[in-house]
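Chains as they are written, first to last, in our numbering: chain F, 1228 to 1890; chain S, 82 to 209; chain E, 61 to 206; chain H, 914 to 1237.
Take a look at the structure set out below.
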Amino acid sequence: MQKIGVFVCWCGSNIAATVDVKAVANAMRSEPGVVYSTDYQYMCSENGQNLIKDAIRDYKLDGVVVCSCSPRMHEATFRKTALSAGLNPYMVEIANIREQCSWIHKDMEEGTQKAMVLARAAIAKVKKNAPLTAGTTPVTKRALVIGGGIAGIQTALDVADAGYEVDIVEKSPTIGGRMAQLDKTFPTLDCSACILTPKMVEANQHENIHLITYAELENVSGFVGNFTARIKKKARYVDETKCTGCGICTEKCPSRKGLNAFNMGLNTRGAVYIPFAQAIPNVAVIDTENCLHFKTGKCGICQKNCSAGAINFEQKEEILERKYGAIIVATGFRPIDASAFDEYAYTQSKDVVTSLELERLMNAAGPTGGVLLRPSDGEHPKEIVFIQCVGSRCSKDAAKGKEYCSKICCMYTAKHAMLIREKYPDTNVHVFYIDVRTPGKNFDEFYRRAAEQYGVDYIKGMVGKVSVEGKKLHVQGSDLISNEQVHIDADLVVLATAIEPDPTARSIGTMLTASMDTNDFFTEAHPKLRPVESPTAGIFLSGVCQGPKDIPETVAQAGAAASKVIGLLSKKELVGNPCVAHANELLCNGCSQCEKVCPYGAITYEDKEVRGPEFRGTKRIAVVNEAICQGCGACTVTCPSTAMDLKGFSNNQIMEEVDAICR
Amino acid sequence: MSDKITKEEILRICNVQPKKCMKCGKCSGTCPAYDEMDYHPHQFVYMVEHGQIEKLMASQSIYKCLSCFACLERCPRNVEPAKLIEAVRLAVIRQQGKNHMTENDVPALLDEELPQQAIVSSMRKYKK
Amino acid sequence: MPMNQEWKPKIVAFCCNWCSYAGADLAGSSRLSYPADVKIIRIPCSCRLNPLFILRAFQRGADGVILCGCHPGDCHYSTGNYYARRRMTALFGMLSYLGIDSRRTRVEWVSAAEGAKFAETMNDFAKTIYALGENVKLEDLRCKEN
Amino acid sequence: MQRELMERIRALMDKGVADQVLAWKRGEFFYDTEPAILTKDELGEMVYDSFCGPNLSKYLIKEMPKIENKILALIKPCDSYSLNQLITEHRIDRDKVYVIGVGCKGKIDVDKIRAKGVSGITGVDENGDKITVHTLYGDTTLDRKDVLLGKCLFCKGKEHRIADETVGESEDTSEGSDRFEMVKKLEQMTPDERFSFWRKELSKCIRCNACRNVCPACSCVKCVFDNPNTGVQNKAAANEFEENLFHIIRAYHVAGRCTDCGECSRVCPQGIPLHLLNRKFISDINELYGTYQAGECAGQRHPLIDYTQEDSEPSIVHERGNNG
């Protein structure tokens, strides 16, 4: 007979308020196999853990059931407790009587009864547990950063500084990301490029960092410490090793049809182009859709003018396959498409712009050379209306928009308003807002300065309609404070559009098996305690891919992700999960069905001599590579003879739980 | 008073959840009949939520609403103020008995400034 | 025969560790209630659910069995729920073919972020099972309490 | 044809291709045939006639470890599907088998002859579409198609999906009727009607295990129902639940792999239409995941160990309706 100990936690009043913990502990005492049962206020506290340790020693327990919070919270804690008292950690089972019992039920009797059933199920399971020992795997000392914006760059720099090799994969021809497009940054108003470009250069020159630009992730296999990534490097048609970035080709190119994506399509560029002056790598790229050579087979002016001989129309895309120990997702964001909001006339007038477009219109390196001009006629706007929360904070059942607050809009709008009022004191600036949200160091002070010192007209209320009337934009909104409808004839309307995850994030999430929320933001392993890790081991999150953030937050998260990565890469080896599949060679038919469903290729076959009651001789049997197996159990259900079973979640363990629950 | 119209009744008629409102004022920003109204669309929502039904029933706003549904269309929280108004109006009609307009009354009330939409919606509002 | 005994509905919910079990935890931490008749069994992935477990549950007196896993495309193990989806479709089809009401078995995809969906799902499933009443077609009288 | 076949086997054995053959031999009565491994000396016992219904492919599994050279195997067109499936599952080593595809014009079900009121059967002569049954009480002539085995009415065609050579002519004996007709009929019933249909059928089960033992897909080294460690062991179905359990699990375990060879129903001494369980899985698979025939060729990946991202949800089972 086994000797099981049951430990019922009160979790203060979290459990004890709806579950009679003493009654549960008493009832469990009479369960077969239970030799010790007790309750305690906080089982996870040092005293609580000591209680478990002492009981393991005193009662020579060979199984422990802790009735407490979710195993996702403290299973690891109690396993360690068991280990330190000399009990195999996998002889511990948790009955989740908090999240799945006390917190959802209000009736004491009901909660207590359910807690008892859950406790019995855990006791039934633990009786079928077997001591398990984890295997170990080596760690590839190299990290992959997906995305070369400020988040990716910062993570890469921090990891590289710690002495590990880092590859940055960036889908566009240059690193820099969204921050490179910004003019000034809040709340200090320092120039974005001035603080970003040195970091870009540093990343480029760092001996441990390798930039793979104009490239996309094709496939990722493997697991924490041992990922293999296939990266497709698209053809630039410009030899990166030869191009000096002189820019002559970009000037000579006769095609002027390509929209300049860096300037949010506000102007055009050549078919061969360098995204912006400080691009890294400073190498041209050919856009085949607009290139005359690719369209007609003629032209070739760039090639003729390139003294370095870097233009190569024959260049092919390249597939790189590399091994990594850790992967950092830094895929960033884009503004949502404002054209869905036709009440703001975005598609009807060039003078209705998004904030990121305004950023380019105000940038010295932008299409207007930093002079704020109306896109329609190049005149100075005298009346400017900013509309906040365009597509943010919409309800789930609304026809369009996102449910979340995009977080950065209040501050950048204050910045824009302030900069405009400073540069063009004769221009009136009105900001329609729902709430002005300014939590952050020096943020509220910044916003107040915009209103008080720069005379920005903040109107509490939303714009209902923007209509084009001649050269003017008629803005009709409500002022909730004065309880009046406001009409403004504006020259320029700026929409603070919501931000959304980059569209490539979803497929990357699928490739990495990293979970995402319904908005396609990556989910963190724990919203408070593990904010920079994905629940998928070895995958880390940096920047807006996890949720809306401003620059300082992004940089902080990038550094945090880096330190997690460094922690992982510095390990000699990783202790694996011992809850892996295992084939009983006497029962295995060798039918290969399990191999087909294994997502990791962890199952191979070998001919082996077996001596069992049903079969003696050599037969083909499945062998699981325990280092590769992640313990999903797909194989176990495919196996008709139940030869394949999963340690820690064995057929018998689960069936005992079923029996106990249905008893 | 037993025949007092409650907030719950209004909400049952129109199936609107005023709690979803984040008080952004876009409904009022968008309303073409704003200046005619004593209470404005964003106030309807607030007033219903706070049970000020009688005040609303006595207001002119409920007749000024064109039922153009612009507020409903543009509300980022899908609160549907126009439906609230429709419900309040209905409550008035129910209380007063069948004294609502017939289509024959409409020509006499027509004036040149009247938007066509108002004529169409008046049919919906007053015709049985 | 213990026919006159009061019926205590039993609903077994198999939840994958990564999404749905976490979703159930979120329902808990958000204090979203669902009937206590629902008891959760944690499995690593929806693809770990052997049809034998479902039949076992019915044998032992369960009145409904529900499997919750990550949304298709979001499986922690990439493909587990795709296999689970086919397996459960096939099994449920067979159970229905044998005359067992198909409303007694269900699969729902619940992510770790969908605590509310988890609670809604369980409330709805429990409501369905209450309406269907006691499972008699797949019971094993030896396993009935008396 | 039997003579021709025997000569060919002898010739192959003389050439040293193999020294054994998996064939049929006569059982207790002339209409009983049973699988047998015969050496050259025993070849005289071999029979091949219209009563050679049994699917021989499964019997190769056990021989595999013993074979050093090769074994000859007589495979009818429909049996070739099972053979392919077993090769797919690595249960049979293709290199160790010399497959002689034997011609088949449909096999006769002696029970169907009896069902026509014919008893005391002593022999059968075939003549095209007709058969003459000799009995203790004189001869009776019957239409051949009226006494074919149930599985022959849904013949998979005359083509051997795998063979090193073929001997004899084949004929497609399918009646052109819908294989899933009965499945559909059951699906149309109310759940309670279905339940009582299956209760009536499955309660006849005596757990003789004939279905399992004859099934080419049920070839586990040790069946879960025989294994005391699986928690579902049951040697004799103790009650209704276990009757259901055995047949649900048996059908589930072969789902996707079942070639619809019909052997389970052919051998059931209680006449339970077990193939209707398998056909339900096949019908659902065809409908939801595209038409699939197990064993059509070796190396296929069956639909239940495969997926697409767009697969329908399990709720389809309920949405298809007819749940009462």
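Even glycine gets a Cβ: it sits at the ideal position worked out from N, Cα and C.
Please state whether DSSP places residue i in a helix, a strand or coil.
{"i": "residue 1743 of chain F", "result": "strand"}
{"i": "residue 1789 of chain F", "result": "helix"}
{"i": "residue 1237 of chain H", "result": "Its pLDDT being 40, under 50, residue 1237 of chain H is placed unreliably by the model, and nothing is read from it."}
{"i": "residue 1543 of chain F", "result": "coil"}
{"i": "residue 1720 of chain F", "result": "strand"}
{"i": "residue 950 of chain H", "result": "strand"}
{"i": "residue 190 of chain E", "result": "helix"}
{"i": "residue 1872 of chain F", "result": "strand"}
{"i": "residue 1478 of chain F", "result": "helix"}
{"i": "residue 1157 of chain H", "result": "helix"}
Can you grab the Cα-Cα spacing for the pair residue i / residue j, in whole Å?
{"i": "residue 1632 of chain F", "j": "residue 1740 of chain F", "result": "26 Å"}
{"i": "residue 1050 of chain H", "j": "residue 945 of chain H", "result": "21 Å"}
{"i": "residue 127 of chain E", "j": "residue 175 of chain E", "result": "15 Å"}
{"i": "residue 1404 of chain F", "j": "residue 1558 of chain F", "result": "9 Å"}
{"i": "residue 1207 of chain H", "j": "residue 1373 of chain F", "result": "43 Å"}
{"i": "residue 1506 of chain F", "j": "residue 148 of chain E", "result": "53 Å"}
{"i": "residue 1378 of chain F", "j": "residue 1561 of chain F", "result": "14 Å"}
{"i": "residue 1490 of chain F", "j": "residue 136 of chain E", "result": "39 Å"}
{"i": "residue 992 of chain H", "j": "residue 942 of chain H", "result": "23 Å"}
{"i": "residue 1527 of chain F", "j": "residue 1509 of chain F", "result": "21 Å"}
{"i": "residue 165 of chain E", "j": "residue 1211 of chain H", "result": "35 Å"}
{"i": "residue 1683 of chain F", "j": "residue 1232 of chain H", "result": "59 Å"}
{"i": "residue 206 of chain E", "j": "residue 1322 of chain F", "result": "Low local confidence applies: a pLDDT of 46 at residue 206 of chain E is under 50, so the model's placement there is unreliable, with the coordinate-based value given in what follows. C-alpha separation (whole angstroms): 27 Å."}
Taking residue i as the query, report the chain E residues whose CB atoms sit under 8 Å from its CB, ordered along the chain.
{"i": "residue 998 of chain H", "result": "Per Cβ cutoff of 8 Å: no residues; residue 998 of chain H is ~18 Å from chain E at best."}
Residues of chain S with a CB under 7 Å from the CB of residue i: which are they?
{"i": "residue 1757 of chain F", "result": "Within 7 Å Cβ-Cβ: nothing; residue 1757 of chain F doesn't reach chain S, min ~31 Å."}
For a contact meaning CB atoms closer than 7 Å, what does residue i contact in chain H?
{"i": "residue 1844 of chain F", "result": "978"}
{"i": "residue 1847 of chain F", "result": "1003"}
Tell me which residue opens and which closes the alpha helix (DSSP H) that residue i is part of.
{"i": "residue 1358 of chain F", "result": "Element bounds for residue 1358 of chain F: n/a, residue is neither H nor E."}
{"i": "residue 1179 of chain H", "result": "1176-1180"}
{"i": "residue 894 of chain H", "result": "Because residue 894 of chain H is not part of the residues shown, which for chain H are 914 to 1237, the question remains open."}
{"i": "residue 127 of chain S", "result": "122-130"}
What does residue i touch in chain F if you count any residue whose Cβ is under 7 Å from its own?
{"i": "residue 1135 of chain H", "result": "1814, 1841 and 1868"}
So which residues on chain F does residue i lean against when the C-beta distance must stay under 8 Å?
{"i": "residue 1004 of chain H", "result": "1816, 1817 and 1818"}
{"i": "residue 139 of chain E", "result": "1824, 1826 and 1861"}
For residue i, which residues in chain A fall below 8 Å Cβ to Cβ?
{"i": "residue 1863 of chain F", "result": "Absent here is chain A; the protein component of the structure consists of chains F, S, E and H."}
Which residues bound the beta strand (DSSP E) around residue i?
{"i": "residue 1051 of chain H", "result": "1051-1056"}
{"i": "residue 939 of chain H", "result": "933-939"}
{"i": "residue 1699 of chain F", "result": "1699-1706"}
For residue i, go through chain H and note every residue whose CB falls closer than 9 Å to its CB, in chain order.
{"i": "residue 156 of chain E", "result": "1100, 1104, 1107, 1230, 1231, 1233, 1235 and 1236"}
{"i": "residue 1446 of chain F", "result": "Ordered by position in chain H, no residue passes the 9 Å Cβ test against residue 1446 of chain F, which lies about 16 Å from the chain."}
Could you tell me which chain H residues have their CB closer than 8 Å to the CB of residue i, listed as they occur along the chain?
{"i": "residue 1878 of chain F", "result": "1143 and 1144"}
Name the chain F residues whose beta carbon is nearer than 9 Å to that of residue i?
{"i": "residue 80 of chain E", "result": "In chain order: nothing, as chain F lies at least about 11 Å away."}
{"i": "residue 138 of chain S", "result": "The contacting residues do not exist; residue 138 of chain S stays about 20 Å from chain F at best."}
Below 8 Å, can you find three or more Cβ-Cβ pairs linking the segment 1345-1363 of chain F to the segment 1783-1794 of chain F? no
Cβ contact (3+ pairs, closer than 8 Å) linking the segment 1768-1785 of chain F and the segment 85-94 of chain E: no
Measuring CB atoms only, is the segment 1155-1173 of chain H touching the segment 1844-1851 of chain F, in the sense that at least three cross pairs come out at less than 8 Å? no
At least three beta-carbon pairs within less than 8 Å, the segment 106-114 of chain E to the segment 1851-1861 of chain F: yes
Indicate whether the contact test is met: 3 or more Cβ pairs, each with one atom in the segment 914-930 of chain H and one in the segment 190-201 of chain E, closer than 8 Å. no
Please determine if the segment 152-161 of chain S and the segment 1748-1756 of chain F are in contact, where contact requires at least 3 C-beta pairs separated by less than 8 Å. no
For the segment 1862-1870 of chain F against the segment 1129-1146 of chain H, are there 3 or more C-beta pairs whose distance is under 8 Å? yes
Counting Cβ pairs closer than 8 Å, one from the segment 1009-1027 of chain H and one from the segment 1071-1081 of chain H, do we hit at least three? yes
With a cut-off of 8 Å, do at least 3 Cβ pairs link the segment 186-198 of chain S to the segment 65-77 of chain E? no
Does the segment 1410-1425 of chain F touch the segment 1585-1595 of chain F, meaning 3 or more C-beta pairs lie closer than 8 Å? yes
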